[in-house]
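**Q** Chains as they are written, first to last, in our numbering: chain A, 1 to 624; chain B, 1 to 624; chain C, 1 to 339; chain D, 1 to 339.
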Amino acid sequence: MSDSNSQIILEPDGRKDAIDLESVTIRFAGDSGDGMQLTGTQFTDEAAFLGNDLATLPDYPAEIRAPAGTIAGVSAFQLQFASLDIKTPGDDIDVLVAMNAAALKVNLRDLKVSGIILVDDDGFGAKDLEKADYKTNPLEDGSLKAYRVVRLNITEHTVRAVEPAGVSAKNAGRCKNFFTLGMMYWLYGRSPDNTLTWIRKKFGKKPDIANANEGALLAGYNYCDTAELFETTYHVAKAPQEPGKYRRISGNEATALGFVAASVQAKKTLFLGSYPITPATDILNELAAQKHFGIRTFQAEDEIAGACAAIGAAFAGNLAITTTSGPGVCLKSEAMNLAVMAELPIVIVNVQRGGPSTGMPTKTEQSDLLQALFGRNGDSPMPVIAAKTPGDCFWAAMEAAKIAVEYMTPVVLLTDGYIANGAEPFKIPEISELPKIEVVHAEDPTVFLPYHRNEKGARPWAIPGTPGLEHRIGGLEKSSPSGNVSHDPENHQKMTLERHEKVASIQSHVGATKIEGCHEGDLLVISWGGTYGAVSTAVDRLLAEGKKVGHAHLRWINPLPNDLEQVMDRYKTILVPELNVGQLKLYLTGKFARKMHGLGKVMGKPFKISELVVHMNKLLEVRP
Amino acid sequence: MSDSNSQIILEPDGRKDAIDLESVTIRFAGDSGDGMQLTGTQFTDEAAFLGNDLATLPDYPAEIRAPAGTIAGVSAFQLQFASLDIKTPGDDIDVLVAMNAAALKVNLRDLKVSGIILVDDDGFGAKDLEKADYKTNPLEDGSLKAYRVVRLNITEHTVRAVEPAGVSAKNAGRCKNFFTLGMMYWLYGRSPDNTLTWIRKKFGKKPDIANANEGALLAGYNYCDTAELFETTYHVAKAPQEPGKYRRISGNEATALGFVAASVQAKKTLFLGSYPITPATDILNELAAQKHFGIRTFQAEDEIAGACAAIGAAFAGNLAITTTSGPGVCLKSEAMNLAVMAELPIVIVNVQRGGPSTGMPTKTEQSDLLQALFGRNGDSPMPVIAAKTPGDCFWAAMEAAKIAVEYMTPVVLLTDGYIANGAEPFKIPEISELPKIEVVHAEDPTVFLPYHRNEKGARPWAIPGTPGLEHRIGGLEKSSPSGNVSHDPENHQKMTLERHEKVASIQSHVGATKIEGCHEGDLLVISWGGTYGAVSTAVDRLLAEGKKVGHAHLRWINPLPNDLEQVMDRYKTILVPELNVGQLKLYLTGKFARKMHGLGKVMGKPFKISELVVHMNKLLEVRP
Amino acid sequence: MIETTPSPVLTKKDFVSDQQVKWCPGCGDYSILAALQTVMPKLGIPKEKFVVVSGIGCSSRFPYYMNTYGFHTIHGRATAVATGVKSANPDLQVWVITGDGDGLSIGGNHMLHVLRRNVDVKIILFNNEIYGLTKGQFSPTSPVGLKTKTSPLGNIDRPLSPVSVALAAGAGFVARSVDNDVKHLTSVLEAAARFKGSAFVEVLQNCVIFNDGAHNDFLAPANRKDKVLYLEDGKPLVYGAEGEKGLVHSGFAIDAVDINDSNRGQVLTHDTSESTGTLAWTLSQFDYPEKPVPVGIFRSVERPAYHEMAEGQIAEARKARGNGDLDRLLHSGVTWTVD
Amino acid sequence: MIETTPSPVLTKKDFVSDQQVKWCPGCGDYSILAALQTVMPKLGIPKEKFVVVSGIGCSSRFPYYMNTYGFHTIHGRATAVATGVKSANPDLQVWVITGDGDGLSIGGNHMLHVLRRNVDVKIILFNNEIYGLTKGQFSPTSPVGLKTKTSPLGNIDRPLSPVSVALAAGAGFVARSVDNDVKHLTSVLEAAARFKGSAFVEVLQNCVIFNDGAHNDFLAPANRKDKVLYLEDGKPLVYGAEGEKGLVHSGFAIDAVDINDSNRGQVLTHDTSESTGTLAWTLSQFDYPEKPVPVGIFRSVERPAYHEMAEGQIAEARKARGNGDLDRLLHSGVTWTVD
Ligand SMILES: Cc1ncc(C[n+]2csc(CCOP(=O)(O)OP(=O)(O)O)c2C)c(N)n1
Ligand SMILES: Cc1ncc(C[n+]2csc(CCOP(=O)(O)OP(=O)(O)O)c2C)c(N)n1
Ligand code: SF4
Ligand code: SF4
Ligand SMILES: [Mg+2]
Ligand SMILES: [Mg+2]
């Protein structure tokens, strides 16, 4: 400044002793029956309401309700809320809420040094310690010295607080999650009002339960106001966000919504043929609840029937999709190939989970990429698109549907357990902003040929019921352009190449590689799918340190952007981080015959930003 | 020579007017009902008996018996027999036997210029021409000028010849294939004696049929001796072959035998769980006929059950396999993944056919390679071995079984329709020459841990019924080494890597790359599977021309030989020819980040040697 | 649901496609093809509203020979694909062509489920008791002891009764006909076509190549009268050249007896809508040759079809919540505004 | 085939594994686990000869809790894996644990085929009329109208009767029991264990979380007497606190009536080996609440088991051709010598 004598006096911010923080990561952990998912969701909604940016990650056990108090039964919900733009639910956690010993045992390793632990003393009895495999009580044996432990018999306090509501002892105890939520609200200077409204609405028909929960929430809040449990409160300010209307959305919700939007845009009835499987089931659940859109959800007897029914529905003219996770894709693969041969538009959604085989059903992974690309007999090209964040599932679903119907091809949409269950704020688009989806149906019998291709390489979609277009399709090789069965050698080669070219031509839709950060330099990080948030944040950190790093996040894996090879040329080193043993890396190397570095993680968990930063820095040191 | 005045006088070879040929390719073509497969097989056996080297290729229609006389109904059998070492049934054909107009229509394009066409005039009536889509009679419109056409009303001659046998008119006509065979025997100076013996054995119980066939065979032979249909006869001498006992073997027969041999070597009962599918069904048929080996063949309700039953049998201690073709692999893929996780030894045989989807079931292709490698959810490493010739299926099957039980892993064995149905002479091994297969079962409860690995990375095979080893396995991630279910992040990564390492360690069995031809030079041709014969012959031709070419035929595709990268370094250019759009090429490029050339053919047919030679020469010109 | 407004009069020829029929000469499939081509024009349904869906097998080549919309899908899955077709467009009349292998081996589960859901498709199962297309392996309907390529010492798997399986699945219309009685076949297929809901028709079909004469023992014209029981609703359950044999109750079982004066009054009457389905079941379990082979309609009981219920729920949801409004849906849940 | 030589006396404890049981508190699965652990030691079979194979579902976690050989396979395929286990080693006693979704939805086809082949495995189908593990979707046994996550307006798929499906498949032993009557459950499981051939047991099981009380209407102790019909071979088909209600024939159907002097003589007697299977079928199709819910053994008829026939053919082949000789096999077909 020119005036060196200037003096700025800070104005009070209205909160006496609140410490300002840019971002906070809380993990609520307890037994499956403790209502931690609900607590986390309520806190999330409040953070959203206050204008924080945020991201969440639930972590359920594989069992429905494993024995109470055991390690297997621990259920957790993590959220990060911040006054800046964030893209992940946080690496390490600032605050761990542990409702019992098992919850502490499982989650402690992710807590930052000098992080806060809030425990319910009631969950640390001899039995609880035993179930959690603790020889001595960690609250008392000094093993938690590195942290700030806040102890309270939350259960007891809750039971006392809800006495006036007159609910049973069992139901009283169940309110302890609201007591805890009240404490957290106090700690972060949030008002309990919105949650009180929510409770009244939710439990309107059971006033005693409503009263109990209200009582617990307020008691928790007030207890902190009175007792000197915490030294201070914290304040996380609004994040700068694009103006607009927002909602919280999980990946599975967004996927479902994306298909509804696609069906509206394409003016086509949506048909979903599916079979429940973790972590994809919620898409089916969501769409089953939207019948007033005319949506037809068909819960099939298995994945094969789900995919086949979708193919039948596509043949009959619906916008048809099928949703599943990895093991289900195995079963659908023969039908997917039928769609390749019959050139019918369906979208196959794979919400990836830990594999191989049944693997780790409730954990995330990105290990079904090569299966999506190659998991069928024959030369069977299939477009593959991957969503990058919970909210992006909406856009990816629409795009997958658009390509399917415009190119008359099956399309694979890959998401994963992490973004499917995780949630983030989603800027609600105007209907007018949504992409157009052009559907043309064959109508004129005089020019109709079932395998006559248009300029996109697509064959005509001729819908049963259209007079004069009676024709037959199937899984045997088709003669071009009549569609009759053909065993002719030249025809088979021609059709094989045409199928490849059609998919390759989607490049014109894919466009050029999108780069974040440096457009040339020392390191190009190529990622795909749900690792976007962590990779992008890590790259930002390196950029902030002045490193010459670029980030290309691939939305379409087949086809790849047509300039990707040239983009690679502009960097000294390439890194491909993935939640698998190197699948995209193998594919890219195979395509471009170029050396690159892979970084794999196969722990059923997303990357931590810090892991990525450390690794990228190492690579930069080697090749400065 | 030092003595420039030397004079060599040729000695007569005993056959007056026979022209010596090094090799001849004949294709017998007729209607599905005309018995062309039988004719071809008889000629083959005779050629084998006389010591020719040979290779055969049947070509069936996809229909069981399409309408007589139509193009769809044409069935053909090609064989090459030679006085030198041959590895394919021949590119272009020297002699085309066409029993009707459709057979001529379909097969003419493969006939060499000035090749012989032997036709049955009876198959060229107005109706026949119409069914074959001929506007005019090709025998008369001059369109066959480039060839040597030999016309005869074979049907009429046959009917007359078999009159003494007193069979019905219909059965009489059916003998025309033997008449034709007799003609071919005469033309190539072969005696009809062995076939006469065969006829007597085969039709012993129906003497009239036996007599009729005998009569037809001799009539055809004698007719040529009398009439001057052919200008000359031809002589193809014995091929130099390793001494020993030989038999004719097709790939499917050899595969079946290989597994029987493996079960004997491993001292394990063989269990086959399978579901019929072209072109793999014959393996099931073969093994079902060998029950006196104690073999259990289970024809399941579908491919899934076939694979699952094999897994169950492996768990229970049998040598378990499952056989199928591409679409069946789609269905088995979920179960294959269970075998990966449970680490149980099964062999999955895929007799590849034209894809994608139902594709071209009776045609050959190599397009299921990437499916074998990657067609399952999760990081799911699976050893993949490919047989190279019909006879090699025997050795490949044994090797697959050996690796499966010694490493406790599922193994994929790839063959294809071409080598599965094709046949060649097979030198019958001594039992003592067969590889040993070491099976060790866990027995001691005090040291037993279900996922404790031995030096090969294999977990113990503990068979139900063994006291004290009761344990549980399954598709969920396993804890190392207890085998209990584990959702632990570190354990998952550890186990994922251990599964990869176990498969990678099979490299010690695979050994170094085997090179034919130059061990360094201008061009390295890398092939796999059933293209071996054509590629190897093509490389030989180039070597004969003095070109610096080497040929590496990959038997194991996962794991690859550990020196393959160094081998590649020794050549200027690399070519990967495959019957697909470039699958091995993508994989090798992905593994080694090195540019190479691909050569694809997707016509449901094997490579012609000439196609390969032309292409290799082109590459050599570009990079001399 | 099916539109039946007058349309140009259709004939059999309208349903013959331009593709050459490629079954073996003498195959029983020909007559089934002809029968369906005879039935379709009678139904008053415009040609473009027919869809024929099949799996894989000789029989499943069927759609190529029909000049309708057709889909030759993958092995065993025709019923599942057809479920999608009919659900997506309830206005179509959907036929499924399947074989004993396609429909009861690999496709057995979809068969169970399409029938229990009462999806309004008409299923013809070509039962030649063999795998034709793969050249002769035993199928789930092959008799015990049948020697085939995969059962050289005789089949040991007890055969399923397709009719029993359909009944256990709760199918509303279940019938059996034969390839060599065109009149009967045509009438059964027409009844199936006119039935609302899942209709299942087993057709005993001869494979001349791999299982020739499998049904001859009772279907050869000379044997038929004495060995085949033609089921007719409301008619007595009798057979034999002069109707001299009939069915009577005997404990829980139904026996086949020679009719005489003392038992004439006890001869049972066929009832395709018998409420508990016991009659149909018992007939479907008849062991030949101890008992005759029943042919005709075993059961015909309508209930709401799958698409009616599914569409009904859509209508109900629309009534309750209005037609879906995308903007409103996007704004559902917890929303907030950033200015 | 099963060895029954005396071995150390086993107790229930021997069959309890060291793994923590992770079902929800109150889940009906616990009592089925306890029942099987009670039955096994009674059978005189050495512990190492038991194999428990399951698919995927809450119920399918079962093998982990049994101290026997166990295999938690993939969804719907336990029956197929078990077929391999038993065929490969007929000396084992193989149990299959499956759910209504695992065994009748995705696994329906293998269920049909394992039963028709009479593979000697003992199948327990845990029927809670819901998908437990995936958190509450309707299953193929859910009643019409059931509101679940995937049927918010009510299920429209008509449920299958597991017992009917098993009968249609030709199962030799078919029974139903309940999770809250341990004595009955134990006796039925023991009968299944001792049956030679496929044994199918449906157990009505309560899922406290997603379908609590599904069977309460008739299984709650207070309701049971009046609404459940206990089937006992050779005993009259009566129920009610005083046995005052019973079953009588009425045309093709079987009716449930109040017993009085005029119909007492007509009350039917249960017969698990009734030759035609009509009784078992009719009982399996009983509609509740018009008729009582039959519980117990519907059918028990032995015939040769799959492994007996398969091993029999091997023995036959060996008798005819001698034990397989690899060298001879290699030399079969057309051979020749090159010197
Ligand atoms: C996934 C798959 N498995 C196996 C096959 C091979 N296959 C084709 S048709 C068939 C059985 C046909 O039998 P059936 O259904 O009785 O028909 P038919 O030929 O007798 O009319 C089989 C096993 C296939 N095409 N696809
Ligand atoms: C191939 C595959 N599809 C779907 C699933 C998801 N899944 C697991 S269990 C289950 C249904 C379980 O229902 P049920 O068999 O009735 O068992 P329950 O949990 O009720 O005991 C489903 C759909 C899976 N694991 N694998
Ligand atoms: S093989 Fe049999 S079923 Fe197939 S077309 Fe020929 S006769 Fe018909
Ligand atoms: S969800 Fe239901 S079936 Fe599963 S363990 Fe819990 S109570 Fe049992
Ligand atoms: Mg058949
Ligand atoms: Mg269930």
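The C-beta atom is built at its ideal place from N, Cα and C for all residues, glycine as well.
Because the structure is a prediction, the values reported are computed rather than measured.
#1: Using only alpha-carbon positions, find the residue among A:V167, A:I86, A:H292, A:G375 that is nearest to A239 of chain A.
#2: Who are the near neighbours of P345 of chain B in its chain, counting only those whose CB is closer than 6 Å to its CB and skipping five residues on each side?
#3: For a contact meaning CB atoms closer than 7 Å, what does D157 of chain C contact in chain D?
#4: Helix, strand or coil for N128 of chain C per DSSP?
#5: How would you call N323 of chain C, buried or exposed, if buried means at least 16 neighbouring beta carbons within 10 angstroms?
#6: Are the beta-carbon atoms belonging to L554 of chain A and T513 of chain A less than 9 Å from one another?
#7: Does the pairing of the stretch 27 to 41 of chain D with the stretch 267 to 282 of chain A give three or more beta-carbon distances under 8 Å?
#8: Compare the beta carbon distance of I117 of chain A and V149 of chain A with 9 Å and say whether it is the shorter of the two.
#9: What does G108 of chain C touch in chain B if you count any residue whose Cβ is under 8 Å from its own?
#10: State the Cα-Cα distance for the pair V9 of chain C and P41 of chain C, rounded to the nearest angstrom.
#11: Identify whether F173 of chain C lies in helix, strand or coil by the three-state DSSP scheme.
#12: For V525 of chain A, which residues does DSSP report across the bridge?
#13: According to a CB-to-CB cut-off of less than 8 Å, which residues of the stretch 350 to 371 of chain B neighbour chain D?
#14: Is the distance from the Cβ of K13 of chain C to the Cβ of P67 of chain B below 9 Å?
#15: Any heavy atom of ligand 5 closer than 8 Å to the CB of I385 of chain A?
#16: Restricting to runs no shorter than 3 residues, where is the beta strand (DSSP E) found entirely within the stretch 174 to 215 of chain D?
#17: Are three or more beta carbon pairs between the stretch 108 to 128 of chain A and the stretch 42 to 59 of chain A nearer than 8 Å?
#18: What's the call for V193 of chain B, buried or exposed, on a 16-neighbour Cβ count within 10 Å?
#19: Would P284 of chain B count as contacting chain C if we go by Cβ distances under 9 Å?
#20: Quick one: is the Cβ of P561 of chain B within less than 8 Å of any heavy atom of ligand 2?
#21: Return the Cβ separation of G630 of chain B and F374 of chain A in integer angstroms, given the expectation that the two are a contact with Cβ distance under 8 Å.
#22: Rounding to the nearest angstrom, what Cα-Cα distance links V208 of chain C and I64 of chain B in this structure?
#23: Determine the direct distance from the alpha carbon of G234 of chain C to that of I259 of chain C, and round the result to whole angstroms.
#24: Please output, in chain order, the residues near ligand 3 using a CB cut-off of less than 6 Å to any non-hydrogen atom of the ligand.
#25: State yes or no: is the C-beta of A397 of chain A within less than 9 Å of the C-beta of L414 of chain A?
#26: Return the chain-ordered ranges of every beta strand (DSSP E) run that is complete within the stretch 203 to 267 of chain A and spans a minimum of 3 residues.
#27: Quick one, are the C-beta atoms of I473 of chain B and P445 of chain B less than 9 Å apart?
**A** Let me lay it out:
#1: Mapped onto the first sequence, residue 239 of chain A falls at position 239. Of A:V167, A:I86, A:H292, A:G375, the residue nearest in Cα terms is A:I86.
#2: Against the second sequence, residue 345 of chain B aligns to sequence position 345. Correct list, in chain order: A314, A404, V405, M408.
#3: The count along the third sequence starts at 1 and reaches residue 157 of chain C at position 157. Within chain D, the residues near D157 of chain C are R116, R117.
#4: Here residue 128 of chain C refers to the residue found at position 128 when the third sequence is read from its first residue. It is coil, neither helix nor strand.
#5: The residue labelled residue 323 of chain C in the question sits at position 323 within the third sequence. Taking all protein chains shown into account, N323 of chain C has fewer than 16 neighbouring C-beta atoms within 10 Å of its C-beta and is therefore exposed.
#6: Working through the first sequence from its first residue, we reach residue 554 of chain A at position 554. Working through the first sequence from its first residue, we reach residue 513 of chain A at position 513. It is a contact, given that the beta carbons lie within the stated cut-off.
#7: no
#8: Residue mapping note: residue 117 of chain A aligns to position 117 of the first sequence, counting from 1. Residue mapping note: residue 149 of chain A aligns to position 149 of the first sequence, counting from 1. Closer than 9 Å, so yes.
#9: Taking the third sequence and counting its residues from 1, one reaches residue 108 of chain C at position 108. Within 8 Å Cβ-Cβ: E301.
#10: Within the third sequence, the letter at position 9 stands for residue 9 of chain C. Within the third sequence, the letter at position 41 stands for residue 41 of chain C. Cα-Cα distance, rounded: 8 Å.
#11: If you number the third sequence from 1, residue 173 of chain C lands on position 173. The answer is strand: DSSP assigns F173 of chain C an E or B state.
#12: The count along the first sequence starts at 1 and reaches residue 525 of chain A at position 525. A:H551, A:L575, per the DSSP bridge assignment.
#13: none
#14: Against the third sequence, residue 13 of chain C aligns to sequence position 13. Against the second sequence, residue 67 of chain B aligns to sequence position 67. No, they are not a contact pair.
#15: Walking along the first sequence from the start, residue 385 of chain A turns up at place 385. No, Cβ of I385 of chain A sits at least 8 Å from all heavy atoms of ligand 5.
#16: Counting whole runs of 3 or more residues, the stretch 174 to 215 of chain D contains the beta strand (DSSP E) stretches 199 to 204.
#17: no
#18: Position 193 of the second sequence, counted from the start, is the residue given in the question as residue 193 of chain B. Looking at the sequence provided, one finds Asp at residue 193 of chain B rather than Val. Classification for D193 of chain B: exposed.
#19: Mapped onto the second sequence, residue 284 of chain B falls at position 284. Before going further, note that residue 284 of chain B is Leu rather than Pro in the sequence given. Between L284 of chain B and chain C, the shortest Cβ-Cβ separation is below 9 Å.
#20: The residue labelled residue 561 of chain B in the question sits at position 561 within the second sequence. Flag unset: Cβ of P561 of chain B not near ligand 2.
#21: Chain B is shown only over 1 to 624; residue 630 of chain B falls outside these bounds and no answer can be derived.
#22: Position 208 of the third sequence holds residue 208 of chain C. Position 64 of the second sequence holds residue 64 of chain B. One C-alpha to the other measures close to 11 Å.
#23: Here residue 259 of chain C refers to the residue found at position 259 when the third sequence is read from its first residue. Here residue 234 of chain C refers to the residue found at position 234 when the third sequence is read from its first residue. Cα to Cα, the separation comes out at about 18 Å.
#24: B:I64, B:R65, C:W23, C:C24, C:C27, C:D29, C:C58, C:N128, C:G132, C:C207, C:V208, C:I209, C:F210
#25: As a first step, residue 397 of chain A must be located in the first sequence, where it is residue number 397. As a first step, residue 414 of chain A must be located in the first sequence, where it is residue number 414. No, the pair does not count as a contact, with Cβ atoms beyond the cut-off.
#26: 234 to 236, 244 to 250
#27: Within the second sequence, the letter at position 473 stands for residue 473 of chain B. Within the second sequence, the letter at position 445 stands for residue 445 of chain B. No.
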